[in-house]
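Convert by adding 5 to the 1-based position in the sequence shown; the result is the number in the numbering used here.
Think of the CB as a built atom: it goes at the ideal place given N, C-alpha and C, for glycine as much as any other residue.
Remember, predicted model here, so these are calculated numbers, not experimental data.
Have a look at the structure below, then the notes.
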Amino acid sequence: MNPYAKLITSLSLLLGTTITISSNHWMMAWTGLEINTLAIIPLISKSHHPRAIEAAIKYFLVQAAASTLVLFSSTINAWHTGQWDLTQLTHPTSCLLLTTAIAMKLGLVPFHFWFPEVLQGSSLTTALLLSTVMKFPPITILYMSSHSLNPTLLTTMAIASAALGGWMGLNQTQIRKILAFSSISHLGWMSIIIIYDPKLTLLTFYLYSLMTATVFLILNTTKTMKLSTIMISWTKTPMLNATLMLALLSLAGLPPLTGFLPKWLIIHELTKQEMTVAATVIAMLSLLGLFFYLRLAYYSTITLPPNSTNHMKQWHINKLTNTPIAIIASLSMLLLPLSPMILISI
């Protein structure tokens, strides 16, 4: 890809995200979402492979439909109340349309079908952007309008997302699809708590982005795309694969790793809100996700490849990209002891 084109798309992504997260007016928020959508499409389709072109078209159609619903929702609300403020969404139809639009943008069940296919058609770096940066503006809109949303609808979608994200990830062999279903499952955890404690949703999103970035950057360094190649990468970069195993277990939410913190806080908050059944169900559904994370971890470190390799294990590789991986990997595993300080800050 042309360096100037890459620079323009990167700056547009930054601009679109900044406009959406800093705006109070619906039209500005919608403009930021549109800039984001148009900026990521060249990054998805840059390989010119038929699967990448298909992924870009699917992404464009879904995001265009969702943006239309956002615009429709805000217009109905302005028509009835005279308010264009993000926090003044009061009309019931507008609230329902907005929830549907944001669910489409995020990939929540039942609007999740596009997300695994788009991730599978993208490169690992673009897939990382789609899983983290592109989710931030819609979550910000949910955060701003969380007091107006329907609790029953959001809880139903959240539990369905956690169930489907865990269930569909079980029989996948493509790592990008596994991480797509992992993202859907984590979005379920974020959306179930957003009405009761919006700041906790943001904390969960930040920690999820941190852990997912670790996994994607390690996979990008080892050039691993599917389960059969993750076994062979152990002999090339054992240290990175051991780090990958810990990052995956952190994503699964096992203590004493960072990923345990948001799940623990969400279950605690749901119990305080007398939603013990929902907390129990979503905690049980996370066991499905734990299974495929353990499967990935098992493949990455314990399983030996079926054929012997002719070169020695390289315990270090001379690449500068390992410094950011080392930093975010440390953060994605070791933040749990800092949880009292994190709780004070939110």
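So what's residue i in DSSP terms, helix, strand or just coil?
i	result
His-273	helix
Gln-179	strand
Lys-110	helix
Glu-279	coil
Pro-260	coil
Phe-116	coil
Ala-61	helix
Ser-255	helix
Ser-50	coil
Gly-174	coil
Ile-307	coil
Thr-157	helix
His-96	coil
Please return the same chain residues whose Cβ sits closer than 6 Å to the Cβ of residue i, not counting the five positions on each side in sequence.
i	result
Pro-203	Tyr-148, Ser-151
Thr-171	Note that residue 171 is Gly in the sequence shown, not Thr. Counting only Cβ-Cβ distances below 6 Å, and skipping sequence neighbours, we find Ser-190, Leu-290, Leu-293, Gly-294.
Ser-188	Ser-136
Tyr-213	His-191
Asn-29	Asp-90, Leu-91
Pro-121	Lys-182, Ala-185
Ile-199	Leu-147, Ser-151, Thr-206
Leu-340	Thr-263
Gly-174	Ile-183, Phe-186, Phe-297
Leu-169	Val-114
Looking at the secondary structure, which residues open and close the alpha helix (DSSP H) in which residue i lies?
i	result
Gln-125	119-126
Asn-7	Segment: none, Asn-7 is in no alpha helix (DSSP H) and carries neither H nor E.
Thr-328	327-339
Leu-343	Taken as a continuous stretch (DSSP letters only), Leu-343 belongs to no alpha helix (DSSP H), as it is neither H nor E.
Thr-242	Run containing Thr-242: none; DSSP gives neither H nor E here.
Thr-130	129-136
Per DSSP, which residues does residue i bridge with? Please list them.
i	result
His-152	The partner list for His-152 (beta bridge, DSSP) is empty, contrary to what the question assumes.
Asp-90	His-30
Lys-231	Gln-179
Can you list, in chain order, the residues of its chain whose CB lies under 8 Å from that of residue i, leaving out five sequence neighbours each side?
i	result
Ala-69	Thr-42
Leu-134	Leu-18, Ile-45, Leu-48
Ile-330	Thr-219, Leu-222, Ile-223, Thr-226, Leu-245, Thr-248
Thr-86	Gln-93, Thr-95, His-96
Lys-231	Thr-178, Gln-179, Ile-180
Met-338	Leu-251, Ala-252, Ser-255, Leu-262, Thr-263
Ala-10	Pro-47
Gly-282	A small fix is needed here, since residue 282 is Val in this sequence, not Gly. Excluding sequence neighbours, Val-282 sits near nothing in its chain.
Ile-164	Gly-193, Ile-197, Ala-283, Val-286, Ile-287, Leu-290
Among residues of its own chain, excluding the 5 on either side of residue i, which ones have a beta-carbon nearer than 7 Å to its beta-carbon?
i	result
Leu-325	Reliability of the predicted coordinates at Leu-325 is poor, the pLDDT of 49 falling under 50, and no value is obtained from them.
Ile-407	No answer is possible for residue 407: the residues shown for the chain start at 6 and end at 351.
Gln-88	Asn-82
Thr-145	Thr-25, Ile-26
Gln-278	Tyr-201
Leu-270	Leu-205
- prompt: Taking only runs of the alpha helix (DSSP H) that begin and end inside the stretch 196-233, which ones reach a length of at least 4 residues, in chain order?
  reply: 203-227
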